Amino acid sequence: MGILSYLLGFVIFFNIALGISIIFLERKDASSTWAWLMVLLFIPIAGFFLYLIFGKPISKRRIFTWDTKSRLGVKAAVQSQLRALEEQRFDFKDKQIAEHEDLVYLHLRNDDAIFTQDNKVKIFTDGKEKFDALAKDLEKATDHIHLLYYIIRSDELGQRIADILVKKANEGVDVRVLYDDMGSRSLKRSYIKRLRAAGVQVEAFFPPKIPKINFKINYRNHRKLAIIDGKVGYIGGFNIGDEYLGKDKKFGYWRDTHLRIYGDSVNNMQTRFILDWNQASRNHILYEERYYAAEPAGDVGIQVVSSGPDSDWEQIKNGYIKMIMSAKDYIYIQTPYFIPDESLRDALRIATLSGVKVKIMIPNKPDHPFVYWATLSYIGDLLNAGAEIYIYQDGFLHAKTIVVDGEIASVGTANIDVRSFRLNFEVNAFLYDKEVAAKLEDAYNADILLSTQMTKKLYQRRSLGIRFKESVSRLISPVL
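Numbering of the sequence shown is given in our numbering, commencing with residue 751 and proceeding in unit increments.
Set out below in structure tokens:
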């Protein structure tokens, strides 16, 4: 009895100490603080270990070698563009983009996101088309291939990509593959060994220092980037796996959005890859001109914006809010998970109440149940404000797309949820071009034809069971 009392006292002491740390030292937002305090209160022993794994904040020191930016000339370019904007002498090739110079300035100042205006963009909404195009570009590589994916699987698509990488490595092309340790936890060791045997450099992001025990498991590199010869880049939502080709019976057709880009923004994608690679690998990439071989290819304006838990700013979320608050006519959003924090929720509510047409599209099935039920609960808030909500029915919707007024758009890896804003390492392309925005809008309208609209009446008919799931999921949504 004495030992049990001692253990109970020990647990209570540590829970109290941890609670004090969460409240006074870590300074989490109120919703996350309360969520973790509830976890510690109701499951004190398990809650303590859950917090160590999922709640412990990452060090605010830069985990990337940011001095690389100086060597690559990024800092100088950013300062030059900031001064030009501040002095109202920035040369916008498309004068209509000047209406959004405050968004350009925001990303320059908060994320060193250089604004480029000479890009050509191809939009993919189908996995087969995207990976066929990627495979062709990989086959054409003569100097280097850089791949970063949250998920890489050892299935048919994974083997198809591996075959090409092995072939190109044998031809003397420098091939580097970076994957997230958590996202690619099912990746077979034999797959990695085969790549390495051919000379491909393969690294995991945040692998455990102790096998099976990873205290950084909650911080995931959710980015998807492919850069070939420094001339062409891919960015968007598709990972490498058969389900992204629509071959998983559970999800069916996989609707996503991905971009292939030519132009100077590929240089900025390359810098993002180098920063991530140098964090994960001891074999650092040093500056060489061959990695920065992008050539002007069009007239699309782009900023490549990154965010992550190592930053004091939620760069992509702030970009979303700035876009929403700039809207005059409409906002179209596609996201598989909709768990906005209070600031983004208020921005959407204010836009809707101001007469801006807000349309939000979500999937009709969950790949993460708690996240899905939380999504449904937040949808109700905006329905009451007058937003139009669409439920995609032709498979699984995984696109992370925002289009505003047919002028600006964002496509990338960041969902509209707390995890993407605060816990994951993400990357998005912010696009300043009417033609690209129009194509994304056309894709959205085509998806509406494959969706059902959620009305207030339908929403109010939800069963008690669904409402209970929503309530519980919403309560823990800050820590999902």
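Every residue gets a Cβ at the ideal spot worked out from N, C-alpha and C, and that includes glycine. Just so we're clear, the structure is a prediction, and the values are computed from it rather than from any experiment.
Assigned secondary structure, residue i (DSSP; H/G/I helix, E/B strand, else coil)
{"i": "residue 816", "result": "Confidence in residue 816 is poor, its pLDDT being 49 and thus under 50, which makes the residue's placement unreliable; the coordinate value appears in the next sentence. Three-state DSSP puts residue 816 in coil, outside helix and strand."}
{"i": "residue 1176", "result": "strand"}
{"i": "residue 859", "result": "helix"}
{"i": "residue 1134", "result": "helix"}
{"i": "residue 913", "result": "helix"}
{"i": "residue 1203", "result": "strand"}
{"i": "residue 867", "result": "strand"}
{"i": "residue 881", "result": "helix"}
{"i": "residue 992", "result": "helix"}
{"i": "residue 1215", "result": "helix"}
{"i": "residue 874", "result": "strand"}
{"i": "residue 1012", "result": "strand"}
{"i": "residue 886", "result": "helix"}
{"i": "residue 1171", "result": "helix"}
{"i": "residue 918", "result": "helix"}
{"i": "residue 891", "result": "coil"}
{"i": "residue 852", "result": "helix"}
{"i": "residue 1192", "result": "helix"}
{"i": "residue 1124", "result": "helix"}
{"i": "residue 934", "result": "coil"}
Exposure of residue i, with buried meaning 16 or more beta-carbon neighbours within 10 Å
{"i": "residue 947", "result": "exposed"}
{"i": "residue 1037", "result": "exposed"}
{"i": "residue 1205", "result": "exposed"}
{"i": "residue 1034", "result": "exposed"}
{"i": "residue 1123", "result": "buried"}
{"i": "residue 826", "result": "exposed"}
{"i": "residue 977", "result": "buried"}
{"i": "residue 1147", "result": "buried"}
{"i": "residue 1086", "result": "buried"}
{"i": "residue 1046", "result": "exposed"}
{"i": "residue 1163", "result": "buried"}
{"i": "residue 920", "result": "exposed"}
{"i": "residue 1176", "result": "buried"}
{"i": "residue 1022", "result": "buried"}
{"i": "residue 1213", "result": "exposed"}
{"i": "residue 1218", "result": "exposed"}
{"i": "residue 816", "result": "In this predicted model, residue 816 has a pLDDT of only 49, less than 50, meaning its place in the structure is not dependable; the value taken from the coordinates is given anyway. Looking at its Cβ environment, which holds fewer than 16 other Cβ atoms inside 10 Å, residue 816 is exposed."}
{"i": "residue 933", "result": "buried"}
{"i": "residue 1079", "result": "exposed"}
{"i": "residue 1144", "result": "exposed"}
{"i": "residue 1216", "result": "exposed"}
{"i": "residue 1004", "result": "buried"}
N-terminal and C-terminal residue of the beta strand (DSSP E) that residue i is part of
{"i": "residue 899", "result": "894-899"}
{"i": "residue 924", "result": "924-930"}
{"i": "residue 903", "result": "Element bounds for residue 903: n/a, residue is neither H nor E."}
In DSSP terms, what residue i is bridged to
{"i": "residue 1160", "result": "1152, 1180"}
{"i": "residue 1197", "result": "According to DSSP, which records beta bridges pairwise, residue 1197 is partnered with nothing at all."}
{"i": "residue 1004", "result": "1146"}
{"i": "residue 1129", "result": "None; residue 1129 has no bridge partner."}
{"i": "residue 1208", "result": "Answer by DSSP bridge pairing: none, since residue 1208 is not bridged."}
{"i": "residue 1088", "result": "1166"}
{"i": "residue 984", "result": "976, 1010"}
{"i": "residue 1140", "result": "1111, 1203"}
Range covered by the alpha helix (DSSP H) that runs through residue i
{"i": "residue 1107", "result": "Where residue 1107 is concerned, there is no enclosing alpha helix (DSSP H), although the beta strand (DSSP E) it sits in stretches over 1107-1113."}
{"i": "residue 844", "result": "Careful: residue 844 lies outside any alpha helix (DSSP H) and carries neither H nor E."}
{"i": "residue 1101", "result": "1092-1103"}
{"i": "residue 830", "result": "824-836"}
Short CB-CB distance (under 8 Å) between residue i and chain C
{"i": "residue 997", "result": "No chain C appears in this structure, which consists of one protein chain only."}
Contact test: residue i Cβ vs the ligand GTP heavy atom, cutoff 7 Å
{"i": "residue 889", "result": "You won't find the ligand GTP in this model; it holds no ligand whatsoever."}
At what residue ranges does the segment 1016-1084 contain a whole run of the beta strand (DSSP E), taking only runs of 3 or more?
Qualifying beta strand (DSSP E) stretches, in chain order: 1050-1057, 1080-1084.
Whole runs of the alpha helix (DSSP H) within the segment 937-982, excluding any shorter than 4 residues
939-947
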